[in-house]
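So the structure is just underneath, and the comments pick up after that.
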Amino acid sequence: MPPERDFDNRIVCFAQGYVLAISLFFIKIVESLAQRQWTWTTILQLSIALIILFRAIGLATLASLPVLVLTVFCNAPLAKLHHKFHSKLMGAQDERLKASSEALVNMKVLKLYAWETHFKNAIEKLRNVELKLLFAVLLRKTYVVFLFWTSPVMVSAASFLACYLLKIPLHASNVFTFVATLRVVQELITGIPDVIAVIIQAKVSFARIRKFLETPELHSSNFNNRGINDNLKGSVLIKSADFSWEGNESKPTLRNINLDVKHGQKVAICGEVGSGKSTLLATILGE
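Each number in this note's numbering comes from the position in the sequence shown (counting from 1) with 4 added on.
As structure tokens, then:
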């Protein structure tokens, strides 16, 4: 009796375009790892900048803290929306890649049956859905960029207003120190949206890679342990069998299949597109 083998279910559950996009997912994760160093250095530089501002204008620095806290709280729902639409965008890209790959692989069939226009319209329809989601993602990113680019201006306005209300004198020494430090803070803050976008993309990519790797294996024990006959000698024998894909057992894809292929015979499987030729081959392979 041949040993039991496990066939990969990933080729069944995922489109070819999804598999090709796995490399892109890893690139996103690597980019996010490179941004981790930027994260802790930014926190350190912001802390030092706040200390310098406090030494320059005193208690007026505390007026900038509510602005920074408000910026973070306003960014939280925007980041969630960005994550949501980015996940939908990746799904739309999978559908488009699946259709494009199918059209390229079956180019001869498309030319033979003059289906170019039909597939073109189908791919363009999927592309339009992808463009709408891409616009939604970029729109949310625009909100985040606007929020963080305006926050340094609000910080300076709040600090100068606090200096005026607290009667803190402003001289050339502390004003120039404040402006120079604020410029450093502005450069740090304006880079935060890009970091957030990279982290969100990496999170989505990691979830999709994990889903791909956690796909259960197909067990071919039913094919190897039933109907074993030593007299067949490499033949393929199927009698009145029904077959279905994993996860859709209640609705057989192939019904009442009878096939007897002797050793050394050559068999051609013919039929229209979608009639089940590839499914029959997958059945013979145990997939």
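Cβ coordinates follow ideal geometry from the N, Cα and C atoms, glycine included.
Please read these numbers as outputs of a predicted model, since none were measured by experiment.
- Q269 counts as exposed, since fewer than 16 other C-beta atoms from the protein chains shown sit within 10 angstroms of its C-beta.
- Straight through space, the alpha carbons of E134 and S279 are spaced by roughly 30 Å.
- Around the beta carbon of M94, 16 or more other beta carbons lie within 10 angstroms, which makes this residue buried.
- Cβ-Cβ separation between K145 and A83: approximately 10 Å, too far for a contact (criterion under 8 Å).
- A check of alpha carbon separations from Y168 across A64, S239, K281, H87 identifies A64 as the nearest.
- Spanning the alpha carbons of I172 and G62 requires a straight line of approximately 8 Å.
- One Cα belongs to V183, the other to V199, and the distance between them is close to 25 Å.
- For L263, the enclosing beta strand (DSSP E) begins and ends at 258 to 265.
- If you draw a straight line from the Cα of R100 to the Cα of R131, it comes to about 6 Å.
- In this structure, DSSP gives I172 a state outside helix and strand, which the three-state scheme calls coil.
- Residues of the same chain with a CB within less than 8 Å of the CB of G195, apart from the 5 flanking positions on each side, are W42, T46 in chain order.
- Going by beta carbons, F58 and S209 fall outside the 7 Å limit.
- K84 sits in a helix when the DSSP states are folded into three classes.
- Per the C-alpha coordinates, the member of L66, L241, N260, V240 positioned closest to S248 is N260.
- Between S68 and V159, the gap from beta carbon to beta carbon is short of 7 Å.
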